[in-house]
Every structure is written in structure tokens, then in C-alpha cells.
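The next block holds one structure in the form of C-alpha cells; read it before the comments.
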Amino acid sequence: MSLAREHANRLPRRRSTRWIETRAALLFISPWLIGLLVFTAWPIINSAYLSLTDYDVINDPSFVGFDNYVTLFEDPKVGLAIRNTFLFAVMSVPAHLVVSLALALLLNSAAKATGFFRTAFFLPKMTPPVAIGVLLVMLFNGQSGLVNGALGLVGIDGPAWTTDPGWVKPGLVLMSLWTVGASVIIILAALRGVPQELYDSALVDGAGWWRRTLRITVPMISPTLFFLFIVDTINALQSFTEAYTAFFGAGNTTYSNDAALFYAIYLFRQAFEFLHMGYASALAWLLFVIIMVITAVQILVTRRYVHYEGGQS
């Protein structure tokens with residue numbers, strides 16, 4: 001009986017201690033919770049409402065139902081922006097992954113000064129996107145840019161990167177490789193986790209570097225590559241700052257703007273240049289749906305190729 005009574009007395013103490021710990025945890029994460037509710041949840045809910053209204057910031061919103069969504073499906077600029085964004089994503093995401101993997105493999109094989117090169121590759125990531133947009137115009141200018149100047153030294157007549165619609169997006173892709181440093185560091189960390197025994201066994205079997213990379217390295221770091229594939233795709237679909245700075249900033253009308261009209265740029269212009277906040281909110285929700293669908297398709301299609309320690313996903 002005494003044991004049962006002692007156990008019964010301990011229960012309220014455990015519950016009290018658990019409640020104190022829970023309250024302390026909630027107190028510590030309260031700044032994040034408040035930020036999530038105020039700066040994320042509320043804007044999402046409000047944008048859903050605004051997408052059903054005609055709102056120009058100056059006057060009160062007037063409810064129009066699904067008119068904004070009907071308009072965006074009839075707007076030819078929306079189709080153009082989606083095509084530009086998809087083409088940019090199709091070019092930039094594989095380029096980012098391949099360049100990041102190549103640089104990470106080089107760093108992983110470097111015996112000395114790895115720390116220095118890690119820092120050197122990551123530093124460009126700290127460059128403000130606006131500065132990258134300005135650099136794009138300076139480097140890829142068809143007449144006086146450094147890129148065409150370097151190509152001219154080897155006898156290649158460089159294209160008009162910023163004025164030829166066919167070369168605008170490749171130029172943006174090449175410029176976006178400036179910031180692959182973060183991906184390089186992530187892949188390098190994954191490479192350091194590949195067991196050396198696997199490479200030793202492959203060497204005994206006579207496998208060369210290329211075969212070891214394809215048969216061991218890539219499968220073992222496939223979860224990391226899969227993560228970067230998803231993240232880079234989402235980032236590409238939301239590309240804005242560099243292209244806007246280079247082709248639309250400060251009233252720029254010199255360059256081929258339509259070729260650089262990405263979806264996020266068109267959304268921004270509708271919201272803050274033309275003050276079509278309701279229409280811009282509908283555009284934002286369409287972009288959200290597009291990203292969710294593409295991400296779901298990527299997960300379903302590519303997860304069979306992702307190798308985990310317990311087997312394939």
C-alpha cells in the first residue's frame with residue numbers, strides 16, 4: 001500500500017515538472033512563433049483574401065471573386081513569364097548541381113589548404129544579389145564586357161548576352177553560378193561521410209576514378225544531391241533580384257526585357273509598380289501551386305534513385 005501511495009504522489013510531481021519544462025520551452029521559442037504568425041501565417045492568409053479582391057493599396061479592397069484568376073489565365077504575359085522561368089530553371093538547376101559537385105570533388109581530393117578554398121568558394125555567396133545583377137551587365141555586355149573580351153583573345157566572337165533574347169537566359173545562368181559556394185560546402189560535407197572502405201574495395205577490384213565516382217560517390221551522396229535538386233528548383237522558380245536589377249531596374253529600357261521577364265518579376269511589377277495587389281496575390285498563389293506540384297513530382301519521380309543506408313527510398 002505504501003508503494004502504491006508513493007507512486008500516486010509522484011504522478012502530480014511528474015506532471016508539474018513536465019508542465020514547467022513545456023512552459024519553458026514555449027517561452028524560449030515564443031519569438032519564433034510570434035514571427036511565424038505575424039510575418040508568415042498572417043501574410044499568407046491575407047494574400048489569399050486579397051487574391052479575391054480588386055485592391056490598389058490606396059482604396060479599400062473590393063470583392064471580385066475569382067476574376068483575378070480568370071484574368072491571369074487569359075494574360076499572355078503570364079504565359080511568357082512562366083515559359084521564361086521554366087527555361088531558366090531547366091538550364092540553371094543541372095548547371096548548379098554539376099558545377100557544385102565538380103568543385104566539391106576537387107576540394108575533397110585536396111590534401112592541403114582545404115579550409116582556405118572552402119572559404120574562397122563560399123565568399124561569393126555573401127555578395128548582395130543586386131551587386132550580382134550590376135556585375136552581369138558589366139561582364140556580359142556585348143560590346144565592352146569582360147566575358148566577350150576574354151573570348152576574343154582566343155578568336156571567339158562573343159554573343160550579345162544582354163540584348164539577344166536567345167542569350168539572355170544563358171547569361172543569367174552563367175552569372176548565377178557565382179553563388180554555388182553554399183552547395184559546394186554541403187556536398188563536401190556529404191563526401192566526407194562516404195566510408196573509405198568502399199573506395200578501398202573498389203580499388204582492389206580495379207575500378208578507376210570515374211567508375212568509383214559513378215558507382216560509389218554519387219549513390220552515397222544522393223540524398224544530399226536530391227535535397228539540393230529540390231531547393232535549387234524552388235529558388236530558380238522564384239528568381240528575381242539579379243534579373244530585375246540587370247534588365248528592369250532604374251527604368252532600364254535598353255535590353256531585351258521580355259526574355260528576362262521571370263514570373264516573380266512580373267508579380268512584383270503588378271504589385272508595386274502598377275499597384276494591382278489583388279491580381280499580384282492571385283499570381284503569388286498560382287506560383288505557390290506550381291512549386292508544390294513540381295516538388296511533388298520531383299519527389300515521386302526521383303526518390304527511387306536516392307540511396308539511404310537502410311536501402312533506397
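For the sequence shown, counting from 1, position 163 maps to 163 in the UniProt record's numbering; every step adds exactly one.
C-beta: ideal position from N, C-alpha, C; glycine also.
Treat the numbers as computed from the prediction; the structure is a model and nothing was measured.
Cβ-based neighbour list, residue i, same chain, cut-off 7 Å, excluding 5 preceding and 5 following
i      : result
Arg18  : none
Phe121 : Leu103, Gly181, Val184
Gln270 : His276, Tyr279, Ala280, Leu283
Asn141 : Thr162
Leu50  : Pro61, Met277, Gly278, Ser281
Asp114 : A quick correction: the sequence has Thr, not Asp, at residue 114. Contacts found: Leu107.
Ile186 : Thr224, Leu228
Residue j beta carbon less than 7 Å from that of residue i
i      : j      : result
Glu273 : Pro129 : no
Ala81  : Tyr263 : yes
Lys77  : Tyr266 : yes
Ile291 : Leu237 : yes
Gly145 : Leu139 : yes
Leu214 : Met175 : no
Asn148 : Gly158 : yes
Thr179 : Pro94  : no
Leu188 : Asn108 : yes
Ile216 : Leu191 : no
Rounded distance between the beta-carbons of residue j and residue i, thought under 8 Å
i     : j      : result
Pro43 : Thr53  : About 15 Å separates the two Cβ atoms, so there is no contact after all.
Leu72 : Leu287 : Not confirmed; about 10 Å, so no contact.
Met91 : Val168 : At roughly 11 Å, the Cβ-Cβ gap does not stay under 8 Å, so Met91 and Val168 are not in contact.
Residue i: first and last residue of the uninterrupted alpha helix (DSSP H) it sits in
i      : result
Thr224 : 222-237
Lys125 : Segment: none, Lys125 is in no alpha helix (DSSP H) and carries neither H nor E.
Ala89  : 76-109
Lys169 : 165-176
Beta-carbon proximity list for residue i, same chain, < 6 Å, skipping 5 on both sides
i      : result
Thr254 : Model confidence at Thr254 stands at a pLDDT of 45, short of 50, so the residue's coordinates are unreliable; what they give is reported in the following sentence. Taken in chain order, the list of residues that qualify is empty.
Leu55  : A small fix is needed here, since residue 55 is Tyr in this sequence, not Leu. Taken in chain order, the residues that qualify are Pro61, Met277, Gly278.
Residue i: CB within 6 Å of a non-hydrogen atom of the ligand PLP
i      : result
Val297 : With respect to the ligand PLP, the structure offers nothing, as it holds no ligand at all.
Own chain partners of residue i with C-beta closer than 8 Å, once the 5 adjacent residues on each side are dropped
i      : result
Val154 : none
Thr302 : Phe226, Phe229
Stretch-stretch touch, CB-based, cutoff 8 Å, three pairs: the region 95-115 with the region 216-230: Note that the region 95-115 touches the region 216-230; at least 3 beta-carbon pairs, one per stretch, sit closer than 8 Å.
Three CB pairs or more closer than 8 Å across the region 194-209 and the region 225-234: no
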